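In the working numbering, the protein residues as written are 56 to 150.
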């Protein structure tokens, strides 16, 4: 019988258009902000400049995503999750 294991770090390796989820969210915020600015200003030059700026931001974020291993500071999830009640008088408590 085949055994399956739980893959807990799938969110840290998930990619959308080659970017990790936080970098993709930053890119989407930049695109939405530039579109709002272009819509309310009715200026073609601003539209072209924002398109070029978003393209440059995408290229920079792709370069950051390729070297993302050096950006990791600490672990996101603990090694073990327990429902055990933690008390101050527990001699076996390892905090």
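From the three backbone atoms N, C-alpha and C, an ideal C-beta is built for every residue, glycine too. Note that this is a predicted model, so its numbers are computed, not measured.
{"Check": "To the nearest angstrom, how far is it from the Cα of residue 80 to the Cα of residue 70?", "Outcome": "11 Å"}
{"Check": "In this structure, how does DSSP classify residue 136 when only helix, strand and coil are distinguished?", "Outcome": "coil"}
{"Check": "Determine the direct distance from the alpha carbon of residue 110 to that of residue 121, and round the result to whole angstroms.", "Outcome": "17 Å"}
{"Check": "Which same chain residues end up closer than 6 Å to residue 112 when comparing Cβ atoms and leaving out the 5 residues on each side of it in sequence?", "Outcome": "85"}
{"Check": "Checking 8 Å against the spacing of the C-beta atoms, do residue 101 and residue 92 come in under that value?", "Outcome": "yes"}
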